[in-house]
Amino acid sequence: MARWIIAIDGPAAAGKGTLARRLAAHLGLPYLDTGLLYRAVGRLVLDRGESPSDAEAASRAARELRPTDLARSDLRGPEADAAAAAVASVPGVRAALLNFQHDFGAGQGAVLDGRDIGTVVFPAADLKLFIVASPEARAHRRWLELRDRGVAVDPAEVERDIRARDAQDAARAIAPLRPADDAVVIDTTALDRDAAFAAVLEIAGERLVPGSA
Ligand code: DC
Numbered sequence: 752m753a754r755w756i757i758a759i760d761g762p763a764a765a766g767k768g769t770l771a772r773r774l775a776a777h778l779g780l781p782y783l784d785t786g787l788l789y790r791a792v793g794r795l796v797l798d799r800g801e802s803p804s805d806a807e808a809a810s811r812a813a814r815e816l817r818p819t820d821l822a823r824s825d826l827r828g829p830e831a832d833a834a835a836a837a838v839a840s841v842p843g844v845r846a847a848l849l850n851f852q853h854d855f856g857a858g859q860g861a862v863l864d865g866r867d868i869g870t871v872v873f874p875a876a877d878l879k880l881f882i883v884a885s886p887e888a889r890a891h892r893r894w895l896e897l898r899d900r901g902v903a904v905d906p907a908e909v910e911r912d913i914r915a916r917d918a919q920d921a922a923r924a925i926a927p928l929r930p931a932d933d934a935v936v937i938d939t940t941a942l943d944r945d946a947a948f949a950a951v952l953e954i955a956g957e958r959l960v961p962g963s964a
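Here the working numbering is used: the first residue of the sequence shown is 752, the next is one more, and so on.
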């Protein structure tokens, strides 16, 4: 089995998680949702009664993160979103999580999704995809997802949140969200899940050379 490293980056709710998970299963590679790392660090800090924007506390929690922390059931929702975004701008957190991500990919290769996988974590990845969709399309998808889970929210509020997270991800001084120069950008605004996955498979087929990893 090829030990490819595949980086899938992009803004919140563009569909990268679903695509990354499907691609990993298709290729028989381990999959890591790197957003969960930031979410779990944020939770550890909150558990200790400390502030996610306290750089010392957040960096300590990131160094102590264990794989089992990623299986917690409380990593989604507004409180976890805010804590994750706060710890994600702490340099000590990003440095500690860099090691975690390198170790994850080092063995059998991996598909990783996040914001900075192709630019910072694995700049020499075998394949880099940058998944985008309009803020309206992403907000609509997130709203449908929440509705299906029985969460009633105002669509305008979901769109406001998406735009606020975009601004926060792009403005971050450390590892801001941007496509790597050699990333292939896929716009999923007009694509359903299967069409988006077909686009990913086509690019993977062109770029991943059997026997190259
Ligand atoms: O993708 P997500 O919503 O689960 O990400 C949670 C937070 O972590 C979000 O604020 C962006 C940040 N993040 C990051 O800075 N770098 C990554 N590789 C993944 C997520």
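In this text, a Cβ means the ideal position worked out from N, Cα and C, and glycines have one as well.
For residue i, the first and last residue of its enclosing beta strand (DSSP E)
i	result
glycine 865	861-865
leucine 849	Taken as a continuous stretch (DSSP letters only), leucine 849 belongs to no beta strand (DSSP E), being part of the alpha helix (DSSP H) at 842-857.
isoleucine 937	935-938
Residues that DSSP places opposite residue i in a beta bridge
i	result
lysine 879	Ala758
leucine 928	None; leucine 928 has no bridge partner.
Where residue i falls, given that 16 or more other Cβ within 10 Å makes a residue buried
i	result
leucine 788	buried
aspartate 933	exposed
alanine 813	buried
Residue i to residue j span [Cα, whole Å]
i	j	result
proline 906	threonine 940	17 Å
alanine 950	isoleucine 937	8 Å
proline 829	aspartate 920	16 Å
glycine 858	leucine 952	23 Å
proline 803	aspartate 912	19 Å
leucine 848	alanine 946	33 Å
aspartate 825	phenylalanine 855	23 Å
valine 909	glutamate 957	36 Å
phenylalanine 881	valine 935	6 Å
proline 874	glycine 768	20 Å
N- and C-terminal bounds of the alpha helix (DSSP H) containing residue i
i	result
valine 792	786-798
valine 909	906-922
phenylalanine 948	944-958
proline 829	829-838
serine 810	806-814
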